[in-house]
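Chains as they are written, first to last, in our numbering: chain U, 396 to 645; chain E, 58 to 368.
Backbone N, C-alpha and C fix where the C-beta goes; we use that ideal spot for every residue, glycine too.
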Ligand SMILES: Cc1cc2nc3c(=O)[nH]c(=O)nc-3n(C[C@H](O)[C@H](O)[C@H](O)COP(=O)(O)OP(=O)(O)OC[C@H]3O[C@@H](n4cnc5c(N)ncnc54)[C@H](O)[C@@H]3O)c2cc1C
Ligand SMILES: Nc1ncnc2c1ncn2[C@@H]1O[C@H](COP(=O)(O)O)[C@@H](O)[C@H]1O
């Protein structure tokens, strides 16, 4: 089978986020960017399925500006076989990305699409569920285990109450959680090899998808700041403060 | 037009998250229906009819809804969506799984995890793990919204007298099936609603040491939480995790023990009223946001803490 993996270029998770002075957005110019951490887990899973003989080809897809190709190269260096770049400078919403991914699925015919459970910039947690709805496929969200046996996927989902196990029909959409695996680092030879791998390019228009945002960002602000309080010198002093000053325990 | 709130429940109990979600919906309007989708969930629909501020309870009770599989529940939402201007659900794993599926079927761009309502089309939501706060306006006619429950007080669970209407099932999609679950049973309050939360991190060193936190939690009627590192290391189950990818909590008191204070952890707890931290590294970032800090080895501090509480 073919596996499609969706990879988003986001601000690196270690960067201290700054809001632009005009309150229009988060500053992303001259900031370190990286593959969304959940998507690294998705790429890793695809590679392991291929290594286990369950997949023949892994296609990484990214939607975004020119630089998204760097993210695709990172996926190719990890072990994806090919890339698809859908180029747009508009900040896409999950619904638009889902429509684009649907069009790519229809071109490529994968049996499995792996996505991250959420992008760490918009924190939306929507795209996988939306793609699955648009295709009328099954969905296995927030996966911390994924096993594939003839025609079905068994997914262990991380839910608020603990873990849930479901069985879903293939073709399927799976969104991955961080505990599914530990993504590998790309080796230098593989980074070199990745430079020669093919990246197909499209625009949303080529695919017949309207990416005009439905949601407008009116403003972006810094969150209220918390400041450091006091350092107490003993457990007794801590309990005393909590009891008699903050009055949060009795 | 009226507003639909999707109730969260486990077929026997209505979850508090539903009550917080209703408060968020009330900021848009007062004509609110509550949808209970489940199986053999009569107790839940009875409880739902008593909730304050609800006009009507819609109950869809059918075997295909027993485990809230998104492939079965989303079409049900789509069927009744035309009667509503807004559909609200809690931003819990229940709501996050179902709502985007319904949104795409309805061709609506969902607004996730709102922390405030400005007007019927404008909402506030944290982005970048809460490091920025965005105010966003939807141009879709129908609004699908999930709610960060900790930022809205719950409505009264009692005092209402809504009418109850029955909806037919929508059939089994045949796409997915439930196989089992592994949940943590505990007598302690739920993590997301507890007044006090005590969490442990990698500094706890093993699962056995979490017993110290549990003993303190029992004294304080608190819930026990954890950092991702503690869950990854297998000290405690995944449902303990607080943070960007775990649960969001905002108790009156949050005690962080052996937790460094990474931004992804802070994303889940920095709206707590009072934060206390115990860590043996005085440079740990958690101290920059803690109201009370104690620089100490947790292996000695926790038994002392328990002893103080017993005094
Ligand atoms: C995309 C993404 C999402 C993430 N989501 C989450 C999330 O939801 N929740 C989350 O928590 N993390 C999350 N993380 C991980 C996060 O970045 C940190 O790695 C994690 O929070 C660290 O956990 P910790 O503080 O327990 O461990 P560490 O950072 O290792 O800190 C351990 C602390 O314990 C202290 N300590 C050690 N021994 C003792 C002792 N004997 N007595 C007292 N103190 C001691 C140390 O001084 C140290 O400060 C996420 C990361 C990524 C990339
Ligand atoms: N622009 C994009 N390009 C490629 N994949 C994306 C893009 N946006 C979202 N995704 C995928 O969808 C997942 C969830 O994103 P979100 O719904 O925005 O939280 C991500 O982890 C990616 O796998």
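Handout entry: Contacting residues, own chain, Cβ-Cβ under 8 Å from residue 372 of chain E (five flanking each side not counted)
Key = Nothing about residue 372 of chain E can be read from this structure; chain E reaches only from 58 to 368.
Handout entry: Within chain E, the residues that residue 631 of chain U reaches when beta carbons sit closer than 8 Å
Key = 361, 365
Handout entry: 8 Å Cβ cut-off: residues of chain E touching residue 539 of chain U
Key = 295
Practice task
Could you list the residues in the segment 513-534 of chain U with a C-beta less than 9 Å from some C-beta on chain E, going in chain order?
Solution key: For the segment 513-534 of chain U, which is checked against every Cβ of chain E, the residues closer than 9 Å are 513, 515, 516, 517, 518, 519, 520, 521, 522, 523, 524, 525, 526, 527, 528, 529, 531, 532, 533, 534.
Handout entry: Pairwise C-alpha distance: residue 336 of chain E and residue 317 of chain E
Key = 8 Å
Problem - Cβ-Cβ separation, residue 105 of chain E to residue 74 of chain E (assumed contact under 8 Å), whole Å - result: Between residue 105 of chain E and residue 74 of chain E the Cβ distance is about 13 Å, and since that is not below 8 Å, they are no contact.
Exercise for the section: Pull up the distance between the alpha-carbon of residue 230 of chain E and that of residue 162 of chain E, whole angstroms please. Expected result: 14 Å
Problem - Proximal residues to residue 492 of chain U (C-beta, below 7 Å), its chain only, five neighbours per side dropped - result: 458, 522
Problem - Element boundaries [alpha helix (DSSP H), containing residue 322 of chain E] - result: 320-323
Exercise for the section: Could you tell me which of U:629, U:638, U:639 sits nearest to residue 361 of chain E, measuring between CA atoms? Expected result: U:629
Problem - 8 Å Cβ shell around residue 199 of chain E - same chain, five flanking residues per side excluded - result: Excluding positions up to five away in sequence, the list reads 138, 141, 142, 143, 144, 163, 165.
Practice task
Return helix, strand or coil for residue 146 of chain E, following the three-state DSSP convention.
Solution key: Here residue 146 of chain E sits in strand by DSSP.
Handout entry: Residues sharing a beta bridge with residue 546 of chain U, DSSP
Key = For residue 546 of chain U, which the question treats as bridged, DSSP gives no partner whatsoever.
Exercise for the section: Taking only the alpha-carbon atoms, compute the straight-line gap between residue 302 of chain E and residue 582 of chain U and give it to the nearest angstrom. Expected result: 29 Å
Practice task
Identify every run of the alpha helix (DSSP H) within the segment 58-94 of chain E, keeping only runs that are complete inside it and at least 4 residues long; order them along the chain.
Solution key: Uninterrupted alpha helix (DSSP H) stretches at least 4 residues long and entirely within the segment 58-94 of chain E occur at 73-83, given in chain order.
Handout entry: Contacts around residue 441 of chain U, its chain only, beta-carbon distance under 6 Å, and the 5 residues preceding and following it disregarded
Key = 398, 400, 453, 509
Handout entry: residue 156 of chain E classed as buried or exposed, judged by whether at least 16 other C-beta atoms fall within 10 angstroms
Key = buried
Practice task
Note down, in chain order, every chain E residue with its Cβ under 8 Å from the Cβ of residue 424 of chain U.
Solution key: Simply none; closest approach about 15 Å.
Problem - As assigned by DSSP and simplified to three states, the class of residue 471 of chain U - result: helix
Exercise for the section: Take the Cβ of residue 570 of chain U as the centre, count every other Cβ of all protein chains shown within 10 Å, and call the residue buried at 16 or more, exposed below. Expected result: buried
Exercise for the section: In the DSSP assignment, find the alpha helix (DSSP H) that holds residue 499 of chain U and state where it starts and stops. Expected result: 489-503
Handout entry: chain U within 8 Å of residue 153 of chain E, Cβ atoms only
Key = yes
Practice task
Specify the secondary structure class of residue 236 of chain E as computed by DSSP and reduced to three states.
Solution key: Here residue 236 of chain E sits in strand by DSSP.
Handout entry: Chain-ordered chain E contacts of residue 572 of chain U [CB-CB under 9 Å]
Key = 295, 302
Exercise for the section: Go to residue 594 of chain U, then tell me how far its beta strand (DSSP E) extends in each direction, as first and last residue. Expected result: 594-597 is the extent of the beta strand (DSSP E) around residue 594 of chain U.
Problem - Bounding residues of the alpha helix (DSSP H) (the contiguous stretch that carries residue 362 of chain E) - result: 355-367
Practice task
May I have the straight-line CA-CA distance separating residue 207 of chain E from residue 249 of chain E, to the nearest angstrom?
Solution key: 7 Å
Problem - Check whether residue 214 of chain E and residue 245 of chain E have beta carbons under 8 Å apart - result: no
Handout entry: Where the alpha helix (DSSP H) through residue 194 of chain E begins and ends
Key = First-last for residue 194 of chain E: 189-195, but that is the beta strand (DSSP E), not the alpha helix (DSSP H).
Exercise for the section: May I ask you to check if the CB of residue 511 of chain U is nearer than 7 Å to at least one heavy atom of ligand 4? Expected result: As far as ligands go, the structure on display features ligand 1 and ligand 2 and does not contain ligand 4.
Practice task
Buried or exposed for residue 91 of chain E, please, with buried defined as at least 16 other CB atoms from any protein chain shown within 10 angstroms of its CB.
Solution key: buried
Exercise for the section: Determine whether the Cβ of residue 485 of chain U lies closer than 8 Å to any Cβ atom of chain E. Expected result: Cβ-Cβ to chain E under 8 Å: no for residue 485 of chain U.
Problem - Three-state class that DSSP yields for residue 267 of chain E in the structure shown - result: helix
Exercise for the section: Output yes if chain E places a C-beta closer than 8 Å to the C-beta of residue 489 of chain U; else output no. Expected result: Interface residue, yes.
Problem - Meets three-Cβ-pair contact criterion under 8 Å: the segment 459-467 of chain U and the segment 408-420 of chain U - result: no
Handout entry: Distance cut-off 7 Å: residue 345 of chain E Cβ against heavy atoms of ligand 1
Key = Flag unset: Cβ of residue 345 of chain E not near ligand 1.
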